[in-house]
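A.B. asks: Each residue of the sequence shown is one higher than the one before, counting from 1 in full-length UniProt numbering.
Every residue gets a Cβ at the ideal spot worked out from N, C-alpha and C, and that includes glycine.
Bear in mind the structure is a predicted one, so any value in this text is a computation, not a measurement.
Handing you this structure, nothing more for now.
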Amino acid sequence: MNIEEEFYDAVTGFESDQSSGEFSESSQTVLDEMGPDKKESSMLESANNGGRPQENGIKKHRISLPAPMFSRSDFSVWTILKKCIGLELSKITMPIVFNEPLSFLQRITEYMEHTYLINKACTLTDSVERMQVRTYYYYYKKKRKKFSGVGGNTFKMTTLEDLGFRFISEQVSHHPPVSAFHSEGLNNEFIFHGSIYPKLKFWGKSVEAEPKGTITLELPKYKEAYTWTNPTCCVHNVIIGKLWIEQYGNVEVTNHSTGEKCVLNFKSCGLFGKELHRVEGYIQDKSKKKLYVVYGKWTECLWCIDPVTYENYKKNEKRGDQKKTKQNEEPVTSENDEADDMPEIQETVHVIPGSKLLWRICSRPSHSSKMYNFTKFAVMLNELDKELETILAPSDCRLRPDIRAMENGNMELASKEKERLEEKQRASRKERAKSEEEWRTRWFQQGTNLYTGNSDWIYTGEYFNRNFTDCPNIY
Numbered sequence: 001m002n003i004e005e006e007f008y009d010a011v012t013g014f015e016s017d018q019s020s021g022e023f024s025e026s027s028q029t030v031l032d033e034m035g036p037d038k039k040e041s042s043m044l045e046s047a048n049n050g051g052r053p054q055e056n057g058i059k060k061h062r063i064s065l066p067a068p069m070f071s072r073s074d075f076s077v078w079t080i081l082k083k084c085i086g087l088e089l090s091k092i093t094m095p096i097v098f099n100e101p102l103s104f105l106q107r108i109t110e111y112m113e114h115t116y117l118i119n120k121a122c123t124l125t126d127s128v129e130r131m132q133v134r135t136y137y138y139y140y141k142k143k144r145k146k147f148s149g150v151g152g153n154t155f156k157m158t159t160l161e162d163l164g165f166r167f168i169s170e171q172v173s174h175h176p177p178v179s180a181f182h183s184e185g186l187n188n189e190f191i192f193h194g195s196i197y198p199k200l201k202f203w204g205k206s207v208e209a210e211p212k213g214t215i216t217l218e219l220p221k222y223k224e225a226y227t228w229t230n231p232t233c234c235v236h237n238v239i240i241g242k243l244w245i246e247q248y249g250n251v252e253v254t255n256h257s258t259g260e261k262c263v264l265n266f267k268s269c270g271l272f273g274k275e276l277h278r279v280e281g282y283i284q285d286k287s288k289k290k291l292y293v294v295y296g297k298w299t300e301c302l303w304c305i306d307p308v309t310y311e312n313y314k315k316n317e318k319r320g321d322q323k324k325t326k327q328n329e330e331p332v333t334s335e336n337d338e339a340d341d342m343p344e345i346q347e348t349v350h351v352i353p354g355s356k357l358l359w360r361i362c363s364r365p366s367h368s369s370k371m372y373n374f375t376k377f378a379v380m381l382n383e384l385d386k387e388l389e390t391i392l393a394p395s396d397c398r399l400r401p402d403i404r405a406m407e408n409g410n411m412e413l414a415s416k417e418k419e420r421l422e423e424k425q426r427a428s429r430k431e432r433a434k435s436e437e438e439w440r441t442r443w444f445q446q447g448t449n450l451y452t453g454n455s456d457w458i459y460t461g462e463y464f465n466r467n468f469t470d471c472p473n474i475y
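Written out as C-alpha cells, the structure is:
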C-alpha cells in the first residue's frame, strides 16, 4: 500500500467573494476596542514564527511546518491492523505512523476556521437567512488519526486579527475518549460549545467514526440557540489502494428559539460512486413547511433554492427536458488537487438556475501535500513561541513532547515520547485506583444541555483567569 496518499478531503479551491473563508482575510476588530485581558492574550497568541515581520502591529502566523511530512511507504499497515478487525480503535495502541502532528483537541479547534460564517449570520436580521448561513458550520475535517488526548490535556486559543474568538478545550475522559470545548466571540457575538466522543471501528478495509455528542451554537443578539450532531465518517482502503473518505447519515440542525430546522442527508457513496460527497436537505419552519431546499457537495459547495423550483427542475430532468450543460456545472480548477482518492464517477454539482450560494470550499496552500494536507489554519494550531508559552496551562497540547518531535521531523523521538506518555497515563490510573481517587476535570464539569436536556460537559468559565497551580503534571 502506498500510504503516502492522503484521505480525500475537499481541495477544490473555488474563488468567490460571497463565500470565501481564507483564514488571513480582513480584520474586523481593533485592539483599542478591547479590554486589557483580551488585548494581552490576543497579542501574545499571535505567535510570530521566529520573529516574522509585523503588519499593522500584529504578528504574522507561520505558513509552514518546521519539517515536511515523513515518508511511510515502507511501513506495513496490515501487520498492525489484522489484529484489530471489529475492535474499537480507541482501545488499541496505534503506531505513530498513523498520526499527524496535531491532537484531537487541536482538530476540534478547526471548527473555528469557519467563524466567518457565524460573523456573517450575526449581521442578518432574518432567522431563516441565519439558518442558511449556519447550514455548513457543522463541517469538521477528518483525515488521518490524530494523537489521542491524554487525560487532562487542554488546548487554548485566542485570535484577534482575523476571526475574533477565544477557545478552550479539555480531554475530560481518556477511556472512553471524551473531548469538551467552549468558544466565544471576543465581543460576545456568539457562544459555541459541545462535547465529542467518537466511536471508531475497523472493518477490515475501512475505518468508521460515529461522532457522538451534541454541538451547540448560541447567538445572544437574537436569543437563538442551534444544536446538532455530526454525520458518520468512513475512511476506505486503509489496507490496499488509495485512501478516500465519505460522510453519511442525517444531520438535523434545530433553532430552539424559532422552531426552524435544517435537515441534511449526507449520501453514502453507493454502488457506482454516483452519490459520493453529495448532500441534500431542506430548511423548514416550525409548522414543518419547507422553505428552502439545500443541495451540493460537502467537498465543494452548498446551494439553496425554493422547493417549487427545485421540484420542477427535478421533474424536467427526469423527463430528459433539462439538458446538462457546461454552464450549469461547477468547474474544478484548483491547481492544488492531488490525484483523486475516490471512485471514478465524480460529477460536479449541477447548479439549478435561481440558486443561492451558501458556502464554497477554500483552496489550501500550494505546499499542503507536504504538510499532511493542512490548511493555513491547521498549520498554525501547534505554533509556539516563548511569549505564548508563558500564558499557557502546563497541560496544553502545544507542550506535548511527542507531537512536537513529530512536527520537527524526529520520528524516533516522537515514537518514544508517545510510548512514555501512554505508560505514564496507565501508571496514573493505577495509582488513582489504589487510592480510590477519582479523576477530576479542571475546566469543564458534567451537566445538562439547556436546549436538548441531554448530558453535556459545561465550561466553568475559569480558564482565562490563568490560575494553573493545580494543573497535573501529565507530560
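Mind the definition here: the stretch 219-234 touches the stretch 404-419 only if three or more C-beta pairs lie below 8 Å; say whether that holds.
C.D. replies: In short, these stretches do not touch, since the Cβ pair count stays below three.
A.B. asks: In three-state DSSP terms, what is S173?
C.D. replies: It is a strand residue.
A.B. asks: Looking at the structure shown, is T254 part of a helix, part of a strand, or coil, going by DSSP?
C.D. replies: Three-state result, T254: strand.
A.B. asks: By the 10 Å Cβ neighbour count, where 16 or more other Cβ atoms means buried, how is T390 classified, buried or exposed?
C.D. replies: Its Cβ having fewer than 16 others within 10 Å, T390 is exposed.
A.B. asks: Compare the Cα-Cα distances from P66 to each of Y292, N410, Y282 and report the closest residue.
C.D. replies: Nearest C-alpha to P66: N410.
A.B. asks: Just how far apart, CA to CA, sit I361 and D396?
C.D. replies: Cα-Cα distance, rounded: 30 Å.
A.B. asks: Using only CA atoms, which one of S455, L399, V279 lies nearest to G474?
C.D. replies: Looking at the sequence shown, residue 474 is not Gly but Ile. When only C-alpha atoms are compared, the closest one is L399.
A.B. asks: DSSP state of H61, grouped into three classes?
C.D. replies: DSSP places H61 in coil when its eight states are reduced to three.
A.B. asks: Alpha carbon to alpha carbon, how far is R440 from V133? Give it in angstroms, no decimals.
C.D. replies: Spanning the two alpha carbons is a distance of roughly 38 Å.
A.B. asks: Could you tell me if D402 is buried or exposed, where buried requires 16 or more neighbouring beta carbons within 10 angstroms of its beta carbon?
C.D. replies: It counts as buried.
A.B. asks: Kindly list the residues whose CB is nearer than 6 Å to the CB of T375, restricted to its own chain and excluding five residues on each side of it in sequence; keep chain order.
C.D. replies: The answer, listed in chain order, is R364.
A.B. asks: Give the straight-line distance between the Cα atoms of H182 and K297, rounded to the nearest whole angstrom.
C.D. replies: When rounded, the distance between both Cα atoms is 28 Å.
A.B. asks: State the Cα-Cα distance for the pair F468 and G461, rounded to the nearest angstrom.
C.D. replies: Each residue's alpha carbon lies about 14 Å from the other.
A.B. asks: Give me the Cα-Cα distance between M69 and N230, rounded to the nearest whole angstrom.
C.D. replies: If I take the Cα positions, the gap works out to 29 Å.
A.B. asks: Please confirm whether T115 and L163 have their CB atoms less than 8 Å apart.
C.D. replies: The answer is yes: Cβ separation under 8 Å.
A.B. asks: Reducing DSSP to helix, strand and coil, say where N99 ends up.
C.D. replies: N99: strand per DSSP, three-state reduction.
A.B. asks: Please confirm whether C301 and K356 have their CB atoms less than 8 Å apart.
C.D. replies: Contact: no.
A.B. asks: Would you report the Cα separation of V207 and S435, rounded to the nearest angstrom?
C.D. replies: Cα to Cα, the separation comes out at about 38 Å.
A.B. asks: Within this structure, are the beta carbons of N449 and T216 separated by less than 8 Å?
C.D. replies: Result yes, Cβ atoms of N449 and T216 sit closer than 8 Å.
A.B. asks: For Q171, count neighbouring Cβ atoms within 10 angstroms of its own Cβ and tell me buried if that reaches 16, exposed if not.
C.D. replies: When all chains shown are included, Q171 counts as buried.
A.B. asks: Could you check whether K156 and F165 sit closer than 8 Å to each other, using their CB atoms as the reference points?
C.D. replies: Cβ distance not < 8 Å, so F165 and K156 don't count as in contact.
A.B. asks: What does a CB cutoff of less than 6 Å around A121 pick up in its chain, not counting 5 residues either side in sequence?
C.D. replies: The answer, listed in chain order, is R130, V133, R134.
A.B. asks: Under the DSSP definition of a beta bridge, which residues are partnered with M157?
C.D. replies: The partner list for M157 (beta bridge, DSSP) reads F167.
A.B. asks: How many angstroms separate the CA atom of V235 from the CA atom of G270?
C.D. replies: Their backbone Cα atoms lie some 14 Å apart in a straight line.
A.B. asks: Determine the contact status of S169 and T158, defining contact as a CB-CB distance below 8 Å.
C.D. replies: Going by C-beta atoms, S169 is not nearer than 8 Å to T158.
A.B. asks: What's the C-alpha gap between residue 489 and T254?
C.D. replies: With the chain covering 1 to 475 only, the question about residue 489 has no answer from this structure.
A.B. asks: Enumerated in chain order, which unbroken segments of the alpha helix (DSSP H) with a length of 4 residues or greater are wholly contained in the stretch 189-233?
C.D. replies: Taking only runs of at least 4 residues, no alpha helix (DSSP H) segment lies wholly in the stretch 189-233.
A.B. asks: Measure how close the beta-carbons of S428 and E260 come, nearest whole angstrom, since I'm counting them as under 8 Å.
C.D. replies: With 8 Å as the limit, S428 and E260 do not qualify as a contact, their Cβ atoms being about 46 Å apart.
A.B. asks: With a threshold of 16 other CB atoms inside 10 Å of the CB of W203, please say whether the residue is buried or exposed.
C.D. replies: That one is exposed.
A.B. asks: Do you know how far the Cα of N99 is from the Cα of Y459?
C.D. replies: Taking the straight line joining both Cα atoms gives about 29 Å.
A.B. asks: Nearest-angstrom Cα distance between L358 and E412?
C.D. replies: The alpha-carbon atoms of L358 and E412 are separated by roughly 45 Å.
A.B. asks: Report all residues from its chain with a CB closer than 6 Å to the CB of E189; omit the five preceding and five following residues, and keep chain order.
C.D. replies: Within the same chain, E189 has close Cβ partners C122.
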